[in-house]
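K.L.:
For the sequence shown, my numbering gives the first residue as 819, with consecutive numbering after it.
Input: one structure, supplied below.
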Amino acid sequence: MEDPFQGGTAFRALGDHARENYLNFPYTEGTRQEARFLVEALGLPKGALVLDVACGLGRHEPHLPWRVVGADLSRGLLETAQARSRGEAWVQAEARSLPFRGRFQGAFSVCEGAFGLLPDDEAHVAMLRSVRACLAPGAPFLLSAMSVFAMCHDDAFDPATNVMVDAYDVDDPQGRVRRFTLATRAFAPREVLAMGRAAGFRLEALWGGVTGEYRRRPFRVDDAEMLVLFRNP
Ligand SMILES: C[S@@+](CC[C@H](N)C(=O)[O-])C[C@H]1O[C@@H](n2cnc3c(N)ncnc32)[C@H](O)[C@@H]1O
């Protein structure tokens, strides 16, 4: 059967096409609120070195008081990030094999920053291991993941795989439209927590929310996303 995730690279082509038009996606409207939440949740000092995993065009970075390094597969989005943000560095890298070792005081991966776009459970655990390897001892990692309890109501959701496959028409900056088919995986919290444990993380909190309304309050079944705070022991 054809892999709807294309090995975890499907979003790269969309990002390379959309570039700054990525900001037209409605879910990017909550950027400032999400950034405020990240500051509260990670609790890191001003100037801390923080990794944004699958950063896209680094939309949170301008609202964060840290030195942010963004890593992503899409060259088009990274070039856009470079042009519009400060940022320590924008690095083309696969989330499962990030090229940093123990350097970061914290990390985050939000709005399906690779997590949920990878082909299988092993790939998601590999991503979490790779993130942990980038972190200093004691460093926090905030991960968002789509909730299966919410996504299961979508017509395009397959209950056998917890995957939703949908087509999106996306403009490039010159107005040329191209259709992309994307697969997205949703999770039950216990799966994400087990994956985090398998990667060696300690669980600190499980919260719920939706883009633009990330909150430090208990996860509920009607939340679109879970917000998981892990810590590198
Ligand atoms: C939905 S976007 C989210 C981007 C960003 N986190 C945000 O909140 O705007 C998903 C991003 O994940 C990146 N991505 C997907 N699979 C990846 C992988 N295997 N390794 C690194 N980045 C990946 C895509 O290129 C894209 O920029």
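By construction, the Cβ of each residue, glycine as well, lies at the ideal position given by its N, Cα and C atoms.
Return yes when the C-beta of Asp890 is under 6 Å from any heavy atom of ligand 1, and no when it is not.
P.N.:
yes
K.L.:
Counting Cβ pairs, one atom from each stretch, are 3 or more of them under 8 Å apart for the stretch 901–908 and the stretch 924–942?
P.N.:
no
K.L.:
Expressed to the nearest angstrom, what Euclidean distance is found between the alpha-carbon atoms of Arg1035 and Arg1015?
P.N.:
It is roughly 22 Å from the alpha-carbon of Arg1035 to the alpha-carbon of Arg1015.
K.L.:
Let's test the definition: count the other Cβ atoms within 10 Å of the Cβ of Thr793 and tell me whether it reaches 16, buried, or not, exposed.
P.N.:
With the chain represented from 819 up to 1051, any question about residue 793 goes unanswered, as that position is not in the structure.
K.L.:
Measuring straight from C-alpha to C-alpha, what distance separates Ala1006 and Leu1045?
P.N.:
12 Å
K.L.:
Any chance the stretch 985–997 sits against the stretch 1015–1029, with 3 or more Cβ pairs inside 8 Å?
P.N.:
no
K.L.:
Straight-line CA distance for Pro844 to Thr1029?
P.N.:
10 Å
K.L.:
Provide the residue(s) that pair with Trp908 in DSSP beta bridges, ordered along the chain.
P.N.:
Gly888
K.L.:
Nearest to Thr999 by alpha carbon, out of Leu1011, Val983, Arg1008 and Met1013?
P.N.:
Val983
K.L.:
Between which residues of its own chain and Val943 is the CB-CB distance below 6 Å, once the five residues before and five after are set aside?
P.N.:
Cβ neighbours of Val943 within its own chain (closer than 6 Å, five residues either side excluded): Met1013, Ala1016 and Ala1017.
K.L.:
Given that a residue counts as buried once 16 or more other Cβ atoms are within 10 Å of its Cβ, and exposed if not, what is Arg1003?
P.N.:
buried
K.L.:
Compare the beta carbon distance of Asp920 and Ala954 with 7 Å and say whether it is the shorter of the two.
P.N.:
Here the sequence assigns Gly to residue 920, which means Asp is not the residue at that position. In this structure, the beta-carbon distance from Gly920 to Ala954 falls below 7 Å.
K.L.:
Taking Pro822 as the reference, give the member of Ala1042, Ala974 and Ser892 with the closest Cα.
P.N.:
Ala974
K.L.:
Taking the straight line between their C-alpha atoms, what separation do you get for Met969 and Val1039?
P.N.:
11 Å
K.L.:
What separation, rounded to the nearest whole angstrom, lies between the Cα atoms of Ala913 and Ala951?
P.N.:
11 Å
K.L.:
Give a single yes or no on whether Arg837 has its beta carbon closer than 6 Å to a heavy atom of ligand 1.
P.N.:
no
K.L.:
When the Cα atoms are used, what is the spatial distance from Thr846 to Gly956?
P.N.:
30 Å
K.L.:
Taking Cβ positions, are Val868 and Val857 nearer each other than 7 Å?
P.N.:
no
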